[in-house]
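Residue numbers (this note's numbering): 902 to 1068. All C-beta atoms in this analysis are idealised placements derived from N, C-alpha and C, irrespective of residue type, glycine included. A short write-up of the structure that comes next.
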């Protein structure tokens, strides 16, 4: 059977944009992978990396989920139509996932935040998180824990080097 090539098991993943501020501002409880309903010129701009998801957030209208405030710069080599870079884009989720997210947002005061935008094969995917806003003291505690972990790692690293030098 010459000529047949096997396809890879999983498509390649190329991360385009991450929302690092979201992990600082929110406590992420769950994450979901969803598709986006985009236009062709938007996909080309995303391939160029001209996207900002830091200000984005999820909203629900009717039985559908959308992401607002996600800035995709208009494609530079495209036509000269007036294109809104902040237009509302539909999230492509399964019905059960939409109902689950809507219930959580409605009940507990949680919010849907975009965390990461990436290509999975040829498709654009958005990882959204279900998060609760952190208070100032939560942020301070996280910073203190991170500093303590770094100090411990630094101490164990230097201790290992000292014992190797003595031998």
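The segment 1032-1047 makes no contact with the segment 954-961; the number of CB pairs closer than 8 angstroms stays below 3. Pairwise C-beta distances place the segment 934-952 in contact with the segment 969-979, as three or more of them are shorter than 8 angstroms.
Counting only residues of its own chain and dropping the five nearest sequence neighbours on each side, residue 1015 has a CB closer than 7 angstroms to the CB of 920, 954, 957, 968, 971, 1027 and 1029. Around the C-beta of residue 913, fewer than 16 other C-beta atoms lie within 10 Å, and the residue is accordingly described as exposed.
Our two residues, residue 934 and residue 1045, have alpha carbons roughly 31 angstroms apart in a direct line. Per DSSP, the beta-bridge partners of residue 933 are 1029.
With contact defined as three or more Cβ pairs closer than 8 angstroms, the segment 1050-1060 and the segment 988-995 are not in contact.
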